[in-house]
Amino acid sequence: MLADDAVLFREGLAHILTDAGFTVTGQAADGPTLLKLVRADLPDVVVIDLRMPPGFAAEGIDTAAAIRATAPGVGLMLLSQYVEVHHALRLMTDFDGGVGYLLKDRVSDLTAFGADVRRVARGDTVIDPELVTRLVSRRRERDPLDTLTGRERAVLALMAQGLSNTAVAADLHLAVKTVEAHVTTIFMKLGLIQHDREHRRVLAVLTFLRA
Numbered sequence: 018m019l020a021d022d023a024v025l026f027r028e029g030l031a032h033i034l035t036d037a038g039f040t041v042t043g044q045a046a047d048g049p050t051l052l053k054l055v056r057a058d059l060p061d062v063v064v065i066d067l068r069m070p071p072g073f074a075a076e077g078i079d080t081a082a083a084i085r086a087t088a089p090g091v092g093l094m095l096l097s098q099y100v101e102v103h104h105a106l107r108l109m110t111d112f113d114g115g116v117g118y119l120l121k122d123r124v125s126d127l128t129a130f131g132a133d134v135r136r137v138a139r140g141d142t143v144i145d146p147e148l149v150t151r152l153v154s155r156r157r158e159r160d161p162l163d164t165l166t167g168r169e170r171a172v173l174a175l176m177a178q179g180l181s182n183t184a185v186a187a188d189l190h191l192a193v194k195t196v197e198a199h200v201t202t203i204f205m206k207l208g209l210i211q212h213d214r215e216h217r218r219v220l221a222v223l224t225f226l227r228a
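Dropping the structure here:
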């Protein structure tokens, strides 16, 4: 399912998703309508515009939260015209996997966009690379990541995009065991000593995004 107040963009996105092999089971112009559609026929994933009527603020995330409360297993892909760090942080903080945040420009790459939507449907987290790039490049004072090496920062940046250790290894041309060692070192340097490995992974990414 998908929701966007702009009819042309919504129809275009429906065609893109169909061409990527998805079955679009419903379309909506606002949050309440989308929520009704989801409740009537649970989809695997919902693609939502972050800004929708009536206020064009963060109605998309509010709708996503309502969907998650009603149907916890539905993936939630949020699309935005601009990179907005505070919205990305809210997704990382308030949603336990199965969420994505991408710029609308990403839909033009059919293969990559389709792959990202499928990752969200499987329960993964997808963060737009542009957001990660901006966070990496900006100057920080009292940066909690100062103790990390360049390679460890690169690993953490890819983790922030939602990549698994295997995917990080492929992207950086490293062995999976090497990436696992880097991840363990990142946890240690950031003081993340919780026993739940996946929970530590989320905390590491949040540290990266908030720094």
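Note that my numbering has the sequence shown beginning at 18, numbered continuously upward. Note that CB positions come from ideal geometry on N, CA and C, so glycine has one too. Just so we're clear, the structure is a prediction, and the values are computed from it rather than from any experiment.
At the level of alpha carbons, what is the spacing between residue i and residue j?
i: ARG156; j: GLN98; result: Low local confidence applies: a pLDDT of 47 at ARG156 is under 50, so the model's placement there is unreliable, and no value is given.
i: ALA45; j: VAL64; result: 10 angstroms
i: PHE73; j: LEU108; result: 18 angstroms
i: LYS206; j: ALA83; result: 36 angstroms
i: THR201; j: ASP61; result: 33 angstroms
i: GLY115; j: THR87; result: 14 angstroms
i: THR195; j: GLY29; result: 42 angstroms
i: ALA171; j: SER125; result: 26 angstroms
i: GLU169; j: LEU189; result: 11 angstroms
i: PRO89; j: GLY179; result: 19 angstroms
i: LEU223; j: ARG217; result: 10 angstroms
i: ARG298; j: GLY38; result: With the chain covering 18 to 228 only, the question about residue 298 has no answer from this structure.
i: PRO161; j: ILE203; result: 11 angstroms
i: THR35; j: VAL41; result: 7 angstroms
From this set, the options, which residue's C-alpha is nearest residue i's C-alpha?
i: ASP122; options: PHE26, LEU59, THR202; result: PHE26
i: LEU148; options: LEU191, GLU101, ALA184, ASP113; result: GLU101
i: ALA138; options: GLU28, ALA187, GLY92, ASP66; result: GLY92
i: LEU95; options: LEU67, THR110, LEU106; result: LEU67
i: THR166; options: LEU223, HIS199, ASN182; result: HIS199
i: VAL134; options: SER125, ASP145, THR150, GLY117; result: GLY117
i: VAL219; options: ILE78, ALA187, VAL193, ALA174; result: ALA174
i: ALA221; options: LEU106, ALA132, ALA184; result: LEU106
i: ASP111; options: ALA129, ALA132, PHE225, ALA81; result: ALA81
i: ILE144; options: ALA31, LEU51, ALA129, LEU119; result: LEU119
For the alpha helix (DSSP H) that residue i lies in, which residues bound it at each end?
i: LEU175; result: 167-177
i: VAL124; result: Element bounds for VAL124: n/a, residue is neither H nor E.
i: HIS190; result: It is not in any alpha helix (DSSP H) - HIS190 carries neither H nor E in the DSSP assignment.
i: GLY77; result: 76-87
So, is residue i buried or exposed, given that buried needs 16 or more other C-beta atoms within 10 angstroms?
i: LEU136; result: In the sequence on display, residue 136 carries Arg and not Leu. With 16 or more Cβ atoms within 10 Å of its Cβ, ARG136 is classed as buried.
i: LEU127; result: exposed
i: GLY48; result: buried
i: HIS104; result: buried
i: GLU76; result: buried
i: ASP163; result: exposed
i: ARG85; result: buried
i: ALA177; result: buried
Ends of the beta strand (DSSP E) at residue i?
i: VAL62; result: 62-66
i: VAL143; result: 142-144
Would you please verify whether the beta carbon of residue i is less than 9 angstroms from any beta carbon of chain C?
i: ILE144; result: In the structure shown, chain C does not exist; there is a single protein chain.
Every unbroken beta strand (DSSP E) inside the stretch 25-53 [3 residues or more]: none
Please give me, in chain order, every unbroken run of the beta strand (DSSP E) with length at least 3 that falls completely inside the stretch 92-120. Segments of the beta strand (DSSP E) lying fully in the stretch 92-120: 92-97, 116-120.
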